[in-house]
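Numbering (full-length UniProt numbering), first residue to last: 2 to 682. Backbone N, C-alpha and C define an ideal beta-carbon position, used for all residues, glycine too. Source: prediction; values computed, not measured. Worksheet: one structure, shown below.
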Ligand code: GCU
């Protein structure tokens, strides 16, 4: 049979007989909620289905806690369970769960702090079984942060901005789709990795989302996802009152504009009573926003916050991706990396309590390497979420494979030293460091209707890893990919080791052949963001500059001679980046403008490092298809061939990258390669 990727890591493959033999089976599944729309009920069904597939055992569902529970699985909330038990349960946070596989009467207890938690616990248990892991546990599982979202960039016409996996599963021809099957499958995947919300439409939003047909469509989406514990949010277009509502203005301080938003919000809530919030991209890349009406960004955000106030825990996600994209490059001090702090820092006290600022992890735009955004260390009162990008926009667009957990981990482990105290970014976004009550994570995601979901079977590991890292940012990227591989492909050790090796090598390899030393991904930046085009970085208003000339390269972001960006970081971090001696090599050109002959800590010159890294990266990419070839016959042919084709393409394209970038810089500086590979022969 053809193995599609629809089930992702939830395939629940039958365990090999010798492993299965060690399992005693179950008497029944006791589900502490009869309502079919409850995630607890979903959990019961999922356990039944999973056990059938993994262990080959058919188990009945009961709803009665007073039955004989020996050898059963009990799933529900701690509250629903309290009536029937006296078990000591460790403290659970919102969405947390307690998993006890050795409870009284050989019973398995899966008890959530809420409905969602119970479902998360069921998935945790099933994913252990699916890996043949029957070890006893009695443990509380709690999330690092309450906000664990994804942002789809889906347009109403069915296209997906930066999507590489077919048309949208949500929209088509201006409307919400009729068939909800893929949406339910998507919700299942999200919930299994404990993600609790999805913003369904593009941040470059279309106000036609508010017509009656689409409001009803949103209701159907929300109804489909709710049994999986996934809530929906939507992106808004700031100028909707003027362009869609027929008002003369969208001024956030105008009472009629406020009423318009309140009215729309009421309509949305009539259809989706548990809508999680609004995401706003405004005054960004040509979009209108509060600044268009001479108001502050806080005035804009607070207007939406007021509209949402009556609706429980709903929040406004106000994106910090605000910058001038007509920046003049000839002015040495101009620097897009400064924009977020300049626009937001002084507003720290101004935002309503239900506004959260959504900050891209780096100061520019999801490059192969950036330092963390300084804004993450500049808000104290205003809460924040960090925005990652599972979509591989600048990382090969799912034609190349780059496993991103190691990149995210480096950012989350980065110590910002706020007020001279330990401040790893994971503790800032969890809310712990600054005492925030709602903060966390979101990611740009480009799931499409392709049966790989994302365009490349291996790239789906990034979604899985995102879920694992947001729940526990101290997770180890190696064990995450090992678990994902066992669940997705096979328990076979060769399969696990091979996928792990390719994955863990993939980011450094891509960095080597795309852009080194913090110079950014040297792709076309004007439109596609794909393929080598180092020349496109400069000479435009976008501000993703390299300032490469015939002698020197890099952005001078120092206070002493450059844009002053280093001073946006807390003092101890600022000191490290200000000084070229202490700036790590991999961020050298991010912070400093140096001659091509500048010597790195490795002893190499910058230009020789470029040449060597590009050769190393392209050479290593050749090993990926060879490694993968070992898996022939160990996994199904369909997915084997798909990945083999992609990795072969990547290996070829890595050579194109190598030569394009190396010759571009050789032509500029005329310094030949010491190893005679690049130059005039
Ligand atoms: C990037 C991306 C755009 C997107 C923007 C955003 O610049 O290329 O397609 O709209 O980010 O995050 O808003």
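Closest Cα partner of residue i within the set the options
i, options, result
"residue 233", "31, 508, 468 and 277", "277"
"residue 1", "182, 669 and 622", "As shown, the chain starts at 2 and ends at 682. That puts residue 1 outside it, with no answer to give."
"residue 587", "377, 153 and 555", "555"
"residue 55", "128, 71 and 330", "128"
"residue 672", "352, 642, 636 and 608", "608"
"residue 526", "544, 297 and 401", "544"
"residue 662", "679, 36, 64 and 399", "679"
"residue 6", "643, 665, 674 and 201", "643"
"residue 22", "57, 14 and 33", "57"
"residue 309", "268, 101 and 32", "268"
"residue 166", "634, 592, 528 and 449", "449"
"residue 529", "314, 539, 162 and 635", "162"
"residue 394", "460, 215 and 147", "460"
"residue 486", "445, 443 and 404", "404"
"residue 610", "631, 397, 520 and 681", "520"
"residue 453", "572, 138, 164 and 482", "164"
"residue 29", "62, 606 and 10", "62"
"residue 265", "635, 216 and 280", "216"
"residue 666", "627, 596 and 625", "596"
Pairwise C-alpha distance: residue j and residue i
i, j, result
"residue 603", "residue 157", "51 Å"
"residue 294", "residue 257", "14 Å"
"residue 2", "residue 639", "Any reading at residue 2 must be qualified, since the residue scores a pLDDT of 46, below 50, and its modelled position is unreliable; the value itself is stated next. For residue 2 and residue 639, the distance between alpha carbons rounds to 9 Å."
"residue 391", "residue 187", "15 Å"
"residue 142", "residue 123", "12 Å"
"residue 502", "residue 508", "11 Å"
"residue 495", "residue 8", "22 Å"
"residue 38", "residue 371", "43 Å"
"residue 455", "residue 560", "42 Å"
"residue 20", "residue 131", "10 Å"
"residue 352", "residue 522", "34 Å"
"residue 645", "residue 401", "12 Å"
"residue 346", "residue 110", "47 Å"
"residue 323", "residue 475", "30 Å"
"residue 552", "residue 600", "14 Å"
"residue 340", "residue 249", "30 Å"
"residue 284", "residue 193", "36 Å"
"residue 368", "residue 335", "19 Å"
"residue 16", "residue 541", "56 Å"
"residue 299", "residue 40", "36 Å"
"residue 272", "residue 184", "17 Å"
"residue 330", "residue 377", "26 Å"
"residue 59", "residue 103", "21 Å"
"residue 168", "residue 333", "42 Å"
"residue 202", "residue 441", "20 Å"
"residue 546", "residue 282", "23 Å"
"residue 348", "residue 34", "46 Å"
"residue 14", "residue 126", "15 Å"
Outcome for residue i when other beta-carbon atoms lying within 10 angstroms are tallied against a minimum of 16
i, result
"residue 135", "exposed"
"residue 81", "buried"
"residue 112", "buried"
"residue 670", "buried"
"residue 579", "buried"
"residue 344", "buried"
"residue 338", "buried"
"residue 582", "exposed"
"residue 47", "buried"
"residue 179", "exposed"
"residue 105", "exposed"
"residue 446", "buried"
"residue 244", "exposed"
"residue 630", "exposed"
CB contact check: residue i to chain C, cutoff 7 Å
i, result
"residue 13", "No chain C is present in this structure, which holds just one protein chain."
- [ ] Tell me, please, whether the stretch 608-617 touches the stretch 509-521 by the rule of three or more beta-carbon pairs shorter than 8 Å.
- [x] Contact between the stretch 608-617 and the stretch 509-521 is established, with three or more Cβ pairs separated by less than 8 Å.
- [ ] Taking 8 Å as the threshold, find out whether the stretch 526-542 comes into contact with the stretch 370-383 through three or more Cβ pairs.
- [x] no
Task: Stretch-stretch touch, CB-based, cutoff 8 Å, three pairs: the stretch 66-79 with the stretch 112-123 - done: Result yes; three or more Cβ-Cβ pairs closer than 8 Å.
Task: Stretch pair the stretch 463-475 + the stretch 216-231: three plus CB contacts closer than 8 Å - done: no
Task: Given 8 Å, three or more beta-carbon pairs between the stretch 243-255 and the stretch 297-306 - done: yes
TODO: State whether the stretch 168-175 contacts the stretch 88-98, with contact taken as three or more CB pairs (one from each stretch) at a distance under 8 Å.
DONE: Remark: fewer than three beta-carbon pairs, one from each stretch, lie closer than 8 Å, so the stretch 168-175 and the stretch 88-98 are not flagged as touching.
Task: Given 8 Å, three or more beta-carbon pairs between the stretch 421-433 and the stretch 363-370 - done: no
- [ ] Answer yes if the stretch 426-434 comes into contact with the stretch 482-501, meaning at least three C-beta pairs across the two stretches below 8 Å, and no otherwise.
- [x] no
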